[in-house]
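Below is one structure, written out as structure tokens, with a few remarks after it.
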Amino acid sequence: MFWASYFLAALAIILAWPVPVILSRAKWPSRSPFSAMVLWQAIALAGGLSMIGAMLAWGLEPIGENLAQGLRSLWDILIQRRPAETLGLVHVFAISAAILLTVHLVFTLLLTYYRILSGRRRHRDMLNLLSSPSLDAPATLVIPYPSPVAYCLPGGGQSVTVLSDGLMDILSEAELTAVMTHEKAHLSQHHHLLLWAFAAWRAALPWLPTSQLAQQSVNELIEMLADDEALKKVDRQTLVRAVAIVGSGAGAETAASLPGPTGTAAVTGGVDGQEDVIAGRLSRLLTPQPPLPRWIRAVIQASAVLLLAVPTVLLFAPGLIR
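Oh and the sequence shown: position 149 is 751 in the numbering used here, straight run, nothing missing.
What follows is the structure, given as structure tokens:
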């Protein structure tokens, strides 16, 4: 029968609602933010692949035993003008829906990227007018602003960290090191690419719990990863003070960050719920939990790989569609 398409549809539903809800409420991600980040990416990719794959598996079932064979048969029907009597109206509709959803996702991804790049370009133009280079740190700009503000602006070889002079007047040398290390970790670990991908996912499917919860969770996780990097340079109490001071200017940071239409800022700083993120960071730093055991992290990451493998095997393994 069509059990592969049904299984993919069930998997898409599970990854669209109960799984992201459960993961967003879990406590363990703060103990292993990298593993949680990998799992969120796998959920998003596997969910999208399952949605599209379920419709393709259903639509191509009469003309192929797997995705590759079905697409070859469809190519023959469309290009070679072979007879298409085996394809009914329902199957044509399913194929069309899969193609439209794929085009919608890819177009939204590219459109989001263009808008974020445009926002960053405008922001950089403003910084060129209002900021001055730091005398003590390379690739760092200082803006004349009394509130404590710190964020990074990605741009490949032109990436910069932006600090307000109000922040620099307040922070001690160790606290400034913590802030700089945190912001540079965002750039070196390419967190802006993750924000872009999940912002596009939310813009494409705003009604989907996965896209909403994933964007919020990913923003929290990248802050945890950057905090962990800062802890390699400074002690925990110094980082707590630095986070609290920068957090007191979170509203100004958000206002300065040129958010895009999807709700994700053109920089890694101002996103929706920033105050909640700062509160979560402080709570994690003040009441540290032991990291997850290595074997549990390995299980989580293996589960992420399995999530991606299941829809792929169902689509491409011979005989699983029919």
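Cβ atoms here follow ideal geometry from the backbone N, Cα and C, with glycine treated the same way.
Under the three-state DSSP convention, the category residue i falls into
i              : result
proline 544    : Residue coverage of the chain in this structure runs from 603 to 924, which leaves residue 544 outside it and unanswerable.
tyrosine 608   : helix
leucine 765    : strand
alanine 618    : helix
alanine 752    : strand
valine 744     : strand
glutamine 891  : coil
glutamate 687  : coil
lysine 786     : helix
leucine 796    : helix
glycine 967    : Because residue 967 is not part of the residues shown, which for the chain are 603 to 924, the question remains open.
serine 637     : helix
glycine 872    : Here the model assigns glycine 872 a pLDDT of 40, short of 50, so the residue's position is not dependable, and the following value carries that caveat. Glycine 872: coil per DSSP, three-state reduction.
valine 820     : helix
alanine 919    : coil
glutamine 682  : coil
asparagine 668 : coil
glutamine 791  : coil
serine 885     : helix
alanine 696    : helix
proline 631    : helix
Of the residues the options, the one placed nearest residue i, counting alpha carbons only
i              : options                           : result
isoleucine 772 : Tyr747, Leu796 and Pro808         : Tyr747
isoleucine 880 : Val912, Gln818, Ala906 and Gln903 : Gln818
glutamate 822  : Ala900, Cys754, His793 and Ala904 : His793
serine 632     : Asp878, Arg886, Ala919 and Gln643 : Arg886
leucine 737    : Val764, Arg722 and Arg717         : Val764
glutamate 877  : Gln791, Val848, Ser734 and Arg899 : Val848
serine 626     : Leu916, Pro893 and Gln814         : Gln814
lysine 786     : Ser774, Gln891 and Val762         : Val762
valine 842     : Ser652, Leu778 and Ser790         : Leu778
arginine 838   : Phe918, Tyr608 and Thr889         : Thr889
serine 790     : Met826, Trp798 and Gly758         : Gly758
glutamine 903  : Ala612, Phe636 and Pro808         : Phe636
glycine 690    : Thr714, Ile665 and Ala799         : Ile665
serine 652     : Leu703, Arg724 and Thr688         : Leu703
tyrosine 715   : Gln760, Glu687 and Phe800         : Phe800
glutamate 825  : Pro808, Pro895, Tyr753 and Gln760 : Tyr753
Within 7 Å, strictly: CB atoms of residue i and residue j
i              : j             : result
alanine 832    : alanine 780   : yes
alanine 739    : histidine 784 : no
leucine 884    : valine 820    : no
glycine 649    : alanine 614   : yes
methionine 728 : alanine 699   : no
alanine 606    : leucine 910   : no
histidine 693  : glycine 655   : no
leucine 925    : alanine 816   : Here the chain has residues from 603 to 924 only, and residue 925 is not among them.
threonine 595  : alanine 638   : Any property of residue 595 remains undetermined from this structure, which presents the chain solely from 603 to 924.
leucine 610    : alanine 659   : yes
tryptophan 803 : alanine 646   : yes
Own chain residues within Cβ distance below 7 Å of residue i, not counting five before or after
i              : result
proline 811    : Ala618, Trp619, Pro622 and Val623
aspartate 678  : Arg684
glycine 882    : Glu822
isoleucine 701 : none
Close beta carbons around residue i, own chain, < 8 Å, minus the five adjacent residues each side
i                 : result
glycine 768       : Tyr747, Pro748, Ser749, Pro750, Val751 and Gly851
leucine 732       : Ile745 and Pro746
proline 892       : Arg633
leucine 743       : Leu729, Ser733, Ser734, Pro735, Ser736, Val762, Thr763, Val764 and Leu765
phenylalanine 918 : Asn668, Leu669 and Ala670
Other residues of its chain near residue i: CB distance less than 6 Å, five sequence neighbours each side excluded
i           : result
alanine 857 : Bear in mind that the predicted position of alanine 857 carries a pLDDT of just 37, short of 50, making it too unreliable to give a figure here.
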